[in-house]
Ligand code: LLP
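In our numbering, the protein residues as written are 86 to 550.
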């Protein structure tokens, strides 16, 4: 029930109120602040996936990434079902694993029928180890090494070729007996409104071929029997709330496909990339997964009709909108510093090392206090991390109840690009992650230890004590 989902109710003098109806699977996860299974239990504590968050912290430590299986599977299904509903041709959803790459997350995506988009040898290795079929892996990257290209060829995945150097290297490396499947990434020249660091489709981007070189690219590939070009790809950016840029992109890709039809190539797929935004704060208003997919499908179908082309297999590769709303990060509250007339800081036991997005992109987040869910919101505080960096602030202005050290702060919508961009800054061990389902928690990433932190350190002999 939309109106009673905890994350929809704010500033009513109370924190988020309990769910009364748990049949939330029709909600689009990217429009929610909290995972779909979030509830407040009889101890006034936040519960996710049937697990009391405060108990999870007792058991697994703090900070803790908490992933809700229902939310992740629901988002995967919504993409897949919407494509089946609105696209009369074949389709495939790829999970952009850069948003969060680990064995368990890749395995869940694959078990929902999704393929995986990887951007490095490490992500490819992870996807393969999680059991994903190489037929459904697409290997991106704007500067893949020779070793990575060889790894890609050997695995049997599709290599998304980004530039001429890579295309020529692949033509050298690929075996004639077993042609390598490739996709061509293009820079479509479509602008969208998002942070400049996460915009990729405008012409001044480091990614992809200039569309003006397409004839040359197609002519080159058509002379290479060891390269089997099956797909054209473009990605215009991330955290996008408008639907129009992706609809325009569908039309542009169909134009490129028309051009390809003049060459002896067997391109049968178009990939519109990822980019659908999610709700980090109440003012974020992204379209639902269903609406976004519908827009892309309709644009693709009508562009193909216009150009009198058969419908290609339609691919998209969402990352943030699949994993972002699935996860929250729990922290334990520590020190407090009052700066009279200016602000009060409260500090948690993590920060920019487990969530570098606020300091990198000035990203906004929302918080609840997991052990006081219905306490009145009486204070506006700044939530700081524990790093030696003044900018290490997770939320500048958080509306909170009266709190004390030991309280469990839960920051919402932290699944995308938090763990995957986490660091050991100040030699903090990276947090653990648990997957919650039906009242049980399963460890999917072990908490790093101090031994892990120095694992790669080497002490030259002359420095050995
Ligand atoms: N496909 C390609 C080729 C991409 O480059 C990306 C994201 C995606 C798919 C997935 O996009 P999504 O659906 O997640 O928007 N670290 C930044 C985001 C960087 C996005 C990079 N590319 C952040 O924390 O906001």
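The C-beta atom is built at its ideal place from N, Cα and C for all residues, glycine as well.
Please go through the same chain and pick out, in chain order, the residues whose beta-carbon is closer than 7 Å to the beta-carbon of residue i, but skip the five residues on each side of it.
i	result
residue 118	92, 364, 451, 497 and 498
residue 547	none
residue 192	215 and 216
residue 309	256
residue 245	223, 224, 225, 268, 270 and 318
residue 88	Note that residue 88 scores 32 on pLDDT, short of 50, meaning its location in the model is unreliable; the coordinates nonetheless yield the value given after this. If we look at residue 88 and ignore the five residues flanking it on each side, it has no Cβ neighbours.
residue 380	328, 331 and 332
residue 524	135 and 136
residue 510	437, 438 and 472
residue 375	113, 163 and 167
residue 342	317, 352, 355, 394 and 397
residue 261	310 and 311
residue 532	146, 514, 516 and 517
residue 116	364, 371 and 373
residue 384	332, 335 and 336
Tell me which residues share the same chain as residue i and place their Cβ nearer than 8 Å to its Cβ, disregarding the 5 neighbours each side in the sequence.
i	result
residue 233	205, 206, 209, 224 and 226
residue 107	With a pLDDT of 49 at residue 107, under the threshold of 50, the modelled position of this residue cannot be trusted; read the value that follows with caution. Cβ neighbours of residue 107 beyond the five flanking positions: 122 and 124.
residue 444	437, 474, 476, 477 and 478
residue 264	310, 311, 312 and 313
residue 348	303, 304, 306 and 307
Could you spell out where the beta strand (DSSP E) holding residue i opens and where it closes?
i	result
residue 521	517–522
residue 275	First-last for residue 275: undefined, no H or E at that position.
residue 527	525–530
residue 439	Neither: residue 439 is in no beta strand (DSSP E) and is coded neither H nor E.
residue 221	Here residue 221 belongs to no beta strand (DSSP E), and DSSP marks it neither H nor E.
residue 53	An answer regarding residue 53 cannot be provided, because it is not within the stretch 86 to 550 covered by the chain.
residue 133	131–133
residue 496	493–496
Using a Cβ-Cβ cut-off of 6 Å (strictly less than) and excluding sequence neighbours within five positions of residue i, which residues of its own chain qualify?
i	result
residue 428	467
residue 508	438
residue 199	161, 178 and 180
residue 423	429
residue 221	200
residue 306	312 and 314
residue 176	168 and 399
Which whole-angstrom value describes the C-beta separation of residue i and residue j, a residue pair presumed to lie in contact below a C-beta threshold of 8 Å?
i	j	result
residue 382	residue 399	7 Å
residue 492	residue 456	6 Å
residue 490	residue 462	Their Cβ separation, rounded to whole angstroms, is 19 Å, which puts residue 490 and residue 462 out of contact at 8 Å.
residue 330	residue 296	In fact, because the Cβ distance is near 16 Å, the residues do not count as touching under 8 Å.
residue 266	residue 243	4 Å
residue 502	residue 543	About 31 Å separates the two Cβ atoms, so there is no contact after all.
residue 79	residue 240	With the chain running from 86 to 550 in the structure shown, residue 79 is simply not present.
residue 138	residue 431	Going by Cβ atoms, the distance from residue 138 to residue 431 rounds to 18 Å, so no, they are not a contact pair.
residue 173	residue 413	Rounded, the Cβ-Cβ distance is 38 Å, inconsistent with contact.
residue 184	residue 505	6 Å
residue 293	residue 340	Incorrect: roughly 15 Å between the Cβ atoms, too far for contact.
From what residue to what residue does the alpha helix (DSSP H) around residue i run?
i	result
residue 153	Here residue 153 belongs to no alpha helix (DSSP H); instead the beta strand (DSSP E) covers 149–153.
residue 176	Segment 176–181 is the beta strand (DSSP E) holding residue 176; no alpha helix (DSSP H) there.
residue 235	231–240
residue 145	138–145
residue 303	299–307
residue 243	Note, residue 243: premise wrong, no alpha helix (DSSP H); beta strand (DSSP E) at 243–246.
residue 408	405–408
residue 385	374–392
residue 535	535–538
residue 226	That residue, residue 226, is in no alpha helix (DSSP H); it is neither H nor E in DSSP.
residue 207	206–214
residue 253	249–258
residue 191	188–196
What residues match up with residue i in a beta bridge as DSSP calls it?
i	result
residue 266	313
residue 158	Note: residue 158 sits in no beta bridge, so no partner.
residue 485	464
residue 429	423
residue 294	271
residue 356	318 and 400
residue 124	132
residue 414	150 and 496
residue 453	495
residue 561	Beyond the ends of the chain as shown, which are 86 and 550, falls residue 561; an answer cannot be given.
residue 325	361
task: Spell out a yes or no on whether the region 150–168 and the region 403–416 are touching, meaning 3 or more CB-CB pairs, one atom from each, closer than 8 Å.
output: yes
task: Report yes or no: do the region 470–479 and the region 517–533 share at least 3 C-beta pairs separated by less than 8 Å?
output: no
- prompt: Is the number of C-beta pairs between the region 332–348 and the region 416–427 that are closer than 8 Å three or more?
  reply: no
query: Below 8 Å, can you find three or more Cβ-Cβ pairs linking the region 166–184 to the region 132–151?
result: no
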